[in-house]
Amino acid sequence: MLYIDQPNLQISYNQVLNCTIHTWKGYFLEEEYRRAMSHCLDLVSKTGARNLILNIQAAKYEYWVEDSWTADMWFPELMQTDLQKFAVVVNESQLPSSNYYFYPFINDGLLVIRYFAWIEEAQDWISRKGL
2 MLYIDQPNLQ ISYNQVLNCT IHTWKGYFLE EEYRRAMSHC LDLVSKTGAR
52 NLILNIQAAK YEYWVEDSWT ADMWFPELMQ TDLQKFAVVV NESQLPSSNY
102 YFYPFINDGL LVIRYFAWIE EAQDWISRKG L
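Residue 67 in the working numbering sits at position 66 of the sequence shown, and the numbers go up by one each step.
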């Protein structure tokens with residue numbers, strides 16, 4: 002199900018993977034970023050998605066890593082969802098040294114965040130049972 006389809010942004014839901022897929026392409030402004038990230042959470046809530054893929058391989062940005070809004074506003078809202086797996090697809094040069102991050106949910110669940118260099122790897126991980 003395609004939720005948003007714009008030249009620099011696509012947000013969709015894959016029912017087979019029970020996954021919201023959020024793909025950035027090109028440059029984006031801070032306001033666009035915040036609005037799109039909020040739309041992504043809306044779709045997660047609407048569909049009951051248990052998985053999220055954020056594909057920022059083709060995104061062009063300079064400031065978003067420093068944006069406290071993501072940490073202070075968006076991430077706490079993300080933690081209120083029923084997500085279990087969160088795959089972030091980045092350029093290979095941007096892969097962090099540690100590939101797994103675990104965040105305890107307020108409801109005693111667990112969100113696993115993992116970074117990938119290829120969307121296919123992220124989809125494969127999402128499709129497998131377990132962490």
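For every residue, glycine included, the Cβ atom is placed at its ideal position computed from N, Cα and C. As the structure is a computational prediction, the values presented were derived from the model and not from experiment.
(Q) Quick check on the burial criterion: 16 or more other C-beta atoms within 10 angstroms. Buried or exposed for leucine 111? (A) exposed
Q. Do you know how far the Cα of tyrosine 14 is from the Cα of threonine 48?
A. 8 Å
Q) Between asparagine 56 and the rest of its own chain, which residues show a CB-CB distance below 6 Å, the 5 nearest in sequence each way excluded? A) Thr24, Val90 and Ile120
Q. With a CB to CB cut of under 8 Å and the five nearest residues on each side skipped, what residues in its chain are close to tryptophan 126?
A. Lys86, Ala88, Arg115 and Phe117
Q.
Let's see if you can read the secondary structure: which residues bound the alpha helix (DSSP H) around aspartate 125?
A. 120-128
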